[in-house]
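Order-wise, the sequence lines are chains A and B. Once you know that position 164 of the first sequence is 312 in my numbering, the rest is easy, because the numbers rise by one and skip nothing. Once you know that position 90 of the second sequence is 238 in my numbering, the rest is easy, because the numbers rise by one and skip nothing. All C-beta atoms, glycine included, are put in the ideal place defined by N, C-alpha and C.
Number of protein chains: 2
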Amino acid sequence: MQIAIVLFDRFTALDAVGPYEILSRIPDAETVFVAERTGPVRNDTGTLALVADKTLDEVTRPDVVIVPGGPGQTPQMENERLLDWLRAVDATTTWTTSVCTGSLLLAAAGLIKDRRATSHWLALPYLKRFDVEPTGERVVFDGKYVTAAGVSSGIDMALALTGRIAGDRTAQSLQLLTEYDPQPPYDAGSPQKAPADLVEEYRATTRHPQA
Amino acid sequence: MQIAIVLFDRFTALDAVGPYEILSRIPDAETVFVAERTGPVRNDTGTLALVADKTLDEVTRPDVVIVPGGPGQTPQMENERLLDWLRAVDATTTWTTSVCTGSLLLAAAGLIKDRRATSHWLALPYLKRFDVEPTGERVVFDGKYVTAAGVSSGIDMALALTGRIAGDRTAQSLQLLTEYDPQPPYDAGSPQKAPADLVEEYRATTRHPQA
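Encoded structure:
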């Protein structure tokens, strides 16, 4: 089983590395980071680069695709080379997935039209422009399309997906191995739970690319 | 405030990227990935490389140090160059921290002797060999030393540390921005919660480097 994780300039690192850390440990998984060019790809803050080991052209039939998000997703919405690749590989994937605003790329590629999906909470409304139904859920399965909410939610998505791919016991093993027993010291991880004025501040100051 | 995240061959990616994604977003934080040599450093499965932008020699007075773990921690236990660097920078850090088996490197450097600390659940007993008191907690603060349990626990550590560094509101902001509202689909994230036979299987098959 080949898992391809897409990188592009100014992606959000945890969007990619969260699900990677789980899914790459499924027995028989072969995981590959892909981008338009091989070599280092810088993240949204510019302080971390992950290495793409293969070009998009070199990876033509992955079983699983993971598309992260991040501020760099905006220019990719018009990158026909990436969108074409997503459409091409989606024809034979078992699972096509995204984390955070990566779902807007799946939407722009026309892959999740008329389906239910999620995204970063600040980006959720923009799914509608692509005839995608936004949900407030953290992980959404709709057919073979799996979308996760913001950044850290890719870990939850990956465990759920591991269960579908390799069974509950493997998923539990990987949860135990990565000691994923979350104990956040605050309870502010969603717009429903965070202080209201903080949510409003973000809503007021975030000029979303698709707005 | 400079935050240095240490990389070495066969580190575990999420150990580093989890806390990175939170701490690097603290206003005025300057985050840098450091290693003995600059350039790509491969993780434990060999399928992901993160780029070290500075050598250890180039980063002499970080305010915060983060040491990840992973199978590659074992040979580092005898890498005097790294241990010397840890001792040298620790003299002026505000916070010296680790995730997963990274705490064994802090222990080997003699930095947490007679202190309480945590580590990956499979590695906990080995802290005692360095006169460190292992605890079952997910995140342990002892003076300026902060240790986190296995892999994913670095996210919780980073949020707690953000609270100490920049206040509760900044920590809540970053939790909201990274949408850290964990909803694991299984409840197997600790040896207390996972199926007992799975825990035993790991205990029986993991030959820990320090054993």
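Reference residue i, options the options, closest by Cα
i        : options                                : result
LYS292/B : THR242/B, GLU206/B, THR193/B, ALA161/B : THR242/B
GLU206/B : SER246/B, PHE181/B, THR193/B, SER251/B : PHE181/B
ALA336/B : ALA344/A, LEU325/A, GLN331/A           : LEU325/A
ALA236/B : PRO219/B, THR208/B, PHE289/B           : THR208/B
CA-to-CA distance, residue j to residue i, given in whole angstroms
i        : j        : result
LEU270/A : GLU349/A : 11 Å
LEU162/A : LEU162/B : 8 Å
PHE278/B : ALA352/B : 23 Å
GLU178/A : LEU309/A : 15 Å
PRO273/A : ASP304/A : 22 Å
GLN358/A : GLY217/A : Note on GLN358/A: pLDDT 47, under 50, position unreliable in the model; the coordinate value appears next. For GLN358/A and GLY217/A, the distance between alpha carbons rounds to 13 Å.
GLN221/B : LEU346/B : 24 Å
ALA296/A : TYR168/A : 14 Å
THR160/B : PRO210/A : 24 Å
ALA164/A : SER267/B : 24 Å
GLN323/A : GLN340/B : 13 Å
SER321/A : SER251/B : 23 Å
MET149/A : ALA152/B : 36 Å
LEU275/A : GLU281/A : 7 Å
ALA342/A : GLY311/B : 15 Å
VAL215/B : THR244/B : 8 Å
ILE313/A : GLY302/A : 16 Å
SER246/B : VAL213/B : 8 Å
ASP238/A : LEU307/B : 37 Å
ASP157/A : ALA344/B : 43 Å
PRO332/A : TYR328/B : 8 Å
PRO223/B : ALA183/B : 14 Å
Helix, strand or coil at residue i [DSSP, three-state]
i        : result
LEU253/A : helix
VAL288/A : strand
GLU226/A : coil
TRP269/A : coil
GLN320/B : helix
LEU325/B : helix
GLU169/B : helix
ILE151/B : strand
PHE159/A : strand
LYS202/A : strand
ALA359/B : The pLDDT assigned to ALA359/B is 38, lower than 50, so where the model puts this residue is not dependable; a value taken from the coordinates is nonetheless given after this. Here ALA359/B sits in coil by DSSP.
VAL180/B : strand
GLY220/B : coil
THR353/B : helix
ALA164/B : helix
THR310/A : helix
VAL189/B : strand
VAL247/A : strand
Residue i Cβ short of 7 Å to the ligand SAM heavy atom set
i        : result
PRO282/B : As far as ligands go, the structure on display features none, and thus does not contain the ligand SAM.
Residue-level contact to chain E via CB, residue i, 8 Å cutoff
i        : result
GLY337/A : The chain inventory of the structure shown lacks chain E, comprising the protein chains A and B.
Residues, ordered as in the chain, of the region 150–169 of chain B that lie near chain A by beta-carbon distance below 8 Å: THR160, ALA161, LEU162, VAL165, GLY166, TYR168, GLU169
Residues of the region 184–203 of chain A whose Cβ lies closer than 8 Å to any Cβ of chain B, in chain order: PRO188, THR193, THR195, LEU196, ALA197, LEU198, VAL199, ASP201
Stretch-stretch touch, CB-based, cutoff 8 Å, three pairs: the region 183–199 of chain B with the region 189–201 of chain A: yes
Three CB pairs or more closer than 8 Å across the region 303–318 of chain B and the region 257–265 of chain B: no
Residues of the region 315–332 of chain B with Cβ closer than 8 Å to any Cβ of chain A, in chain order: ASP316, ARG317, ALA319, GLN320, SER321, GLN323, LEU324, LEU325, THR326, GLU327, TYR328, ASP329, PRO330, GLN331, PRO332
Residues of the region 265–282 of chain B whose Cβ lies closer than 9 Å to any Cβ of chain A, in chain order: HIS268, TRP269, LEU270
Chain A contacts from the region 296–308 of chain B (Cβ-Cβ distance under 8 Å): ALA297, GLY298, VAL299, SER300, SER301, ILE303, ASP304, LEU307, ALA308
Proximal residues, the region 217–245 of chain A versus chain B, C-beta separation under 9 Å: none
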